[in-house]
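Each residue of the sequence shown is one higher than the one before, counting from 3 in the numbering used here. We put the CB at the ideal spot given by N, CA and C, even for glycine. Working notes, structure below.
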Amino acid sequence: MIFRSVLSALVLGGGLLSAPVFAQSAGSMQPDSAANAVLFEKHTWTEIQSGVAAGVATIIIPVGGTEQSGPYIAVGKHNERATYLAEQIAEKTGKTLVAPVVAYVPEGGTSPRSSHMRFPGTITVPPDVFEKLLVSAGESFQVQGFKLIAFVGDHGGYQKYMEKAAAVLNQKWHGTGAKALYVSGFYTVIAHQYADWLKQQGYGKDVGQHADISDTSLMLAVDPSMVRQDQLHHSGTPSAQEGIYGGDPRKASASLGQAGLAMQINAAVQAIQSARGF
């Protein structure tokens with residue numbers, strides 16, 4: 003994948019993850035890449051316990067979603083991007099792990115079918131179920147010793163529910179030293195700063211709301227195999243009937259997407275660093 007680097011040692015925030023941090027003995031298995039180093043699910047419980055004891059106090063919960071994104075982007079778009087970006091953020095902030103991605107999110111109704119649920123390839127859950135899932139996940143990490151639980155969400159439809167879940171957790175954790183952080187800038191930077199940047203580059207007519215040049219370029223920068231590029235480049239004018247809401251994805255490129263990814267990473271890193279009070 004573009005941007006993904008494999009390191010020769012396990013590094014978090016410039017510090018080597020030595021045996022006392024994520025291993026109980028010299029013979030313990032350790033992850034062999036930067037991605038594995040920050041992925042919660044790649045560690046054993048004893049490695050996680052040792053990491054927390056050594057100061058790995060932040061965990062990012064990436065929230066994705068499984069939805070249609072027009073005929074040219076695979077339905078796991080948000081999951082792939084949220085996980086990838088969370089890994090980059092964790093590596094930059096240091097002493098941070100990345101939780102498994104939340105792939106089941108509110109995407110519309112099933113009876114009658116509404117929003118993205120009007121198309122095959124979409125999975126939805128009710129908003130209250132989604133909120134409870136986030137709250138429960140946050141509590142799971144807090145009782146293990148994590149002090150900052152950061153929510154980053156790649157899709158606009160559930161941002162208010164993420165914010166509410168973080169508020170519920172902060173009320174519960176008042177006075178405990180633990181904090182939930184809803185990283186709003188991770189998403190809003192795409193709709194504002196990145197959209198403005200694309201317009202400045204001459205792509206104003208191509209910017210829309212969903213599956214447009216922005217969405218497609220971001221996906222190409224993370225994993226081009228998720229975009230059906232041959233079909234895209236030979237397609238006609240996009241339409242809402244295809245699941246493309248405004249704009250035009252046909253001029254999308256990985257180089258354009260890299261600029262947006264950098265904006266998302268920077269916004270989240272700044273928010274996490276600002277929230278750390280320990």
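**Report entry** Contact check, isoleucine 61 vs phenylalanine 148, beta carbons under 9 Å
**Finding:** Contact flag set, yes.
Query raised in the report: Starting from glutamine 267 and walking both ways along the alpha helix (DSSP H), at which residues does that stretch end?
Result: Note on identity: in this sequence residue 267 is isoleucine, with glutamine being the wrong assignment. According to the DSSP assignment, isoleucine 267 belongs to the alpha helix (DSSP H) that extends over 256-277.
Query raised in the report: With distances taken between CB atoms, is the gap from proline 102 to glutamate 43 smaller than 9 Å?
Result: In this structure, glutamate 43 lies closer than 9 Å to proline 102 by Cβ.
**Report entry** For glycine 72, the three-state DSSP class (helix, strand or coil)
**Finding:** Under the three-state reduction of DSSP output, glycine 72 falls in the coil class, being neither helix nor strand.
Query raised in the report: Can you tell me the Cα-Cα spacing of glycine 245 and methionine 228, whole angstroms?
Result: Approximately 16 Å, taken between the alpha carbons.
Query raised in the report: So what does DSSP say about valine 154, is it helix, strand or coil?
Result: Strand.
Report task. Give me the Cα-Cα distance between aspartate 232 and isoleucine 151, rounded to the nearest whole angstrom. Result -> Rounded to whole angstroms, aspartate 232 to isoleucine 151 spans 40 Å at the Cα level.
Requested in this report: Return the residue from the list Leu258, Gly57, Val58 and His80 that minimises the CA-CA distance to histidine 212.
Outcome: The shortest Cα separation from histidine 212 among Leu258, Gly57, Val58 and His80 belongs to His80.
Query raised in the report: Comparing alpha-carbon positions, which option in Gln90, Gly140 and Ser117 lies nearest glutamine 243?
Result: Nearest option by C-alpha distance: Ser117.
Query raised in the report: Under the DSSP definition of a beta bridge, which residues are partnered with proline 64?
Result: Partner(s): Val154.
Query raised in the report: Under the rule that 16 or more other beta-carbon atoms within 10 Å means buried, what is isoleucine 112, buried or exposed?
Result: Reading the sequence as shown, one finds threonine at residue 112 and not isoleucine. Threonine 112 is exposed by the Cβ-count criterion.
Query - Reduced DSSP secondary structure (H/G/I, E/B, other) of arginine 359 - result: Only positions 3 to 280 of the chain appear in the structure, and residue 359 is not among them; the question remains open.
Requested in this report: Below 7 Å CB to CB, which residues in the same chain sit around asparagine 38 once its five sequence neighbours on both sides are set aside?
Outcome: Result list for asparagine 38: Lys44, in chain order.
Query - Where tyrosine 189 sits in the DSSP three-state scheme - result: Here tyrosine 189 sits in helix by DSSP.
Query raised in the report: By DSSP, does valine 77 sit in helix, in strand, or in coil?
Result: If DSSP states are grouped into helix, strand and coil, valine 77 belongs with coil.
Requested in this report: Could you work out which residue in Glu69, Val58, Ile267 and Val100 is closest to threonine 190 when comparing CA atoms only?
Outcome: Restricting attention to Glu69, Val58, Ile267 and Val100, the CA atom closest to the CA of threonine 190 is found in Ile267.
Query - Which residues DSSP lists as bridging histidine 212, in chain order - result: In DSSP, histidine 212 forms a bridge with Tyr247.
Requested in this report: Can you have a look at aspartate 217 and say buried or exposed, based on whether 16 or more other CB atoms are within 10 angstroms of its CB?
Outcome: Note on aspartate 217: 16 or more other CB atoms within 10 angstroms of its CB, so buried under the neighbour-count rule.
Query raised in the report: Using CA coordinates, which residue listed in Val224, Ile75, Thr68 and Ala92 is at the minimum distance from alanine 269?
Result: Check the Cα spacing between alanine 269 and each of Val224, Ile75, Thr68 and Ala92: the tightest is with Ala92.
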